[in-house]
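One point on numbering: in full-length UniProt numbering, the residue at position 10 of the sequence shown is 10, and numbering is uninterrupted.
Cβ coordinates follow ideal geometry from the N, Cα and C atoms, glycine included.
Since we're looking at a predicted model, the values are computed, not measured.
Structure, as structure tokens:
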Amino acid sequence: MWKTIVRRIFVMIPQIFFLSLLVFLLAKAMPGDALTGSIDPNIDPAAIEAQRERLGLNNPWFIQYWDWIKNAVTGDLGQSFRFKMPVTQLIGERMMNTVWLSVATLILTYVIAVPLGIISGRYNDTWSDRLITGYTYLGFAAPLFIFALLMLWVFGFQLGWFPTEGSVAPGSAAGTFAYAMSKIYHLLLPSLSMALITTVSTVQYLRSEIIDTKQKDFVLTARAKGASESRIYNRHILRNSLLPIAAFFGYEITGLIGGTVFIENIFSYPGMGQLFISSISIRDFSVVTSLVLLFGIASIVGALLSDMILSAVDPRIRIK
1 MWKTIVRRIF VMIPQIFFLS LLVFLLAKAM PGDALTGSID PNIDPAAIEA QRERLGLNNP
61 WFIQYWDWIK NAVTGDLGQS FRFKMPVTQL IGERMMNTVW LSVATLILTY VIAVPLGIIS
121 GRYNDTWSDR LITGYTYLGF AAPLFIFALL MLWVFGFQLG WFPTEGSVAP GSAAGTFAYA
181 MSKIYHLLLP SLSMALITTV STVQYLRSEI IDTKQKDFVL TARAKGASES RIYNRHILRN
241 SLLPIAAFFG YEITGLIGGT VFIENIFSYP GMGQLFISSI SIRDFSVVTS LVLLFGIASI
301 VGALLSDMIL SAVDPRIRIK
């Protein structure tokens with residue numbers, strides 16, 4: 001397995017290189033630059049042009065790319081034009097909010113999906129199965145941003161059960177118990193909104209795996225030997241059906257990347273997704289390219305993590 005992991009890591013290097021090149025070219029293809037439309041119109045155009053020259057914005061794209069990637073390797077992602085601070089520091093301040101939101105969403109996803117998938121698969125073609133299947137169909141049909149807006153309107157504005165913006169209550173002192181509880185309280189509604197949508201694919205997949213496993217020869221043999229139904233489900237059916245779900249863990253991470261962009265903007269949650277959208281609107285290219293590159297690397301690492309988990313939980317599978 002370790003040889004496979006090392007080989008996959010070497011494959012990731014050219015993938016990250018081509019990803020960085022694509023991200024940079026797409027950013028440069030956007031109209032204007034960071035000095036377009038965001039400065040005082042009374043400033044002398046010659047001074048603006050001199051600033052562009054100083055920042056290297058007039059250099060050929062390949063020189064700009066080389067300068068950017070050379071600095072990125074050393075941890076220097078450039079300077080944000082909007083926030084007037086290093087991009088590394090800016091992303092670092094927002095990253096933990098996005099990480100906690102993703103972790104909370106993953107926990108809620110599996111807490112909801114595994115019991116529903118087991119019930120739906122074990123008691124298929126019953127009323128409970130039909131209700132759960134109906135929920136998954138609605139989840140597949142409902143766009144995440146529409147569902148999140150509905151959750152915000154109902155539970156945030158109408159019922160007032162949850163805060164409607166921010167990641168912590170104003171005035172909370174960092175490091176205190178009240179601060180930690182406030183962070184969790186602000187996480188609940190956005191993470192639950194995303195989990196209720198992202199969980200439907202896991203529910204359907206687990207249901208299909210359980211139904212399929214129930215027809216396997218080793219399950220029929222166990223029944224023929226007189227094993228109890230609880231033992232058959234716990235020792236044979238669930239054990240084999242949960243293996244692919246474990247491998248989905250890495251791919252769930254990649255799916256959260258797109259979800260957090262919507263969720264953070266809808267709930268005004270100060271994470272990397274909200275920073276990404278705001279940076280696009282003001283053409284803060286240093287921040288945009290850095291965030292897209294980080295999101296892409298996270299997706300590549302998530303795919304590798306899924307392969308590693310699948311190889312670890314099922315020794316019969318060795319990814320070549």
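Where DSSP assigns a beta bridge to Pro86, which residues make up the other side? According to DSSP, which records beta bridges pairwise, Pro86 is partnered with Gln79.
For Ser128, which residues in the same chain have their Cβ closer than 6 Å to its Cβ, ignoring the five residues on either side in sequence? Same-chain partners within the cutoff: Ile119.
Measuring alpha carbon to alpha carbon, tell me which residue in Ser230, Phe285, Ile237, Pro190 is nearest Asn97. Looking at the Cα atoms, Pro190 is the closest of the given residues.
Just verifying my parser: in three-state terms, what is the DSSP assignment at Asp129? Three-state DSSP puts Asp129 in a helix.
Using the Cα positions of Gln274 and Lys225, report the straight-line distance between them to the nearest angstrom. For Gln274 and Lys225, the distance between alpha carbons rounds to 58 Å.
For Gly271, I'd like the list of residues in its chain whose CB is within less than 7 Å of its CB, leaving aside the five on either flank, ordered along the chain. Cβ within range, chain order: Arg94, Asn97, Thr98, Leu101, Thr260, Glu264.
Apply the 10 Å Cβ neighbour rule to Pro163 and answer buried if 16 or more other Cβ atoms are within range, or exposed otherwise. Its Cβ being crowded by 16 or more others within 10 Å, Pro163 is buried.
Return yes when the Cβ of Ala104 is within less than 8 Å of the Cβ of Leu187, no when it is not. Cβ distance < 8 Å, so Leu187 and Ala104 count as in contact.
Are Arg82 and Asp284 close, meaning C-beta to C-beta below 8 Å? Going by C-beta atoms, Arg82 is nearer than 8 Å to Asp284.
Thinking just about the alpha-carbon of each residue, which of Ile91, Ile132, Leu196 is nearest to the one in Ile107? Distances from the alpha-carbon of Ile107 to those of Ile91, Ile132, Leu196 put Leu196 closest.
Using a threshold of 8 Å, state whether the C-beta atoms of Ala222 and Ile210 are closer than that. No; because the gap between Cβ atoms is not below 8 Å, this pair is not in contact.
Helix, strand or coil, according to DSSP, for Lys320 in the structure here? Note on Lys320: pLDDT 49, under 50, position unreliable in the model; no value is reported.
Assign Val168 to one of three DSSP states: helix, strand, or coil. Coil.
Where Val168 falls, given that 16 or more other Cβ within 10 Å makes a residue buried: Buried, since its Cβ has 16 or more Cβ neighbours within 10 Å.
Would you decide whether Trp66 is buried or exposed? Buried here means 16 or more other CB atoms lie within 10 Å of its CB. Exposed is the label assigned to Trp66, since fewer than 16 other Cβ atoms lie within 10 Å of its Cβ.
Selected residue, minimal CA-CA separation from Ala29, among Pro60, Ile297, Ser230, Val11: Out of Pro60, Ile297, Ser230, Val11, Pro60 has the C-alpha closest to the C-alpha of Ala29.
Going by beta carbon distance, what residues of the same chain come within less than 6 Å of Val287, once the five residues before and after it are set aside? Cβ within range, chain order: Ser80, Val87, Ser279.
What do you reckon, are the CB atoms on Ala298 and Ile253 nearer than 8 Å? It is a contact, given that the beta carbons lie within the stated cut-off.
Beta-carbon separation of Leu152 and Phe267 under 8 Å? The answer is yes: Cβ separation under 8 Å.
Cα-Cα separation, Trp68 to Gln215: In a straight line, the C-alpha of Trp68 is about 56 Å away from that of Gln215.
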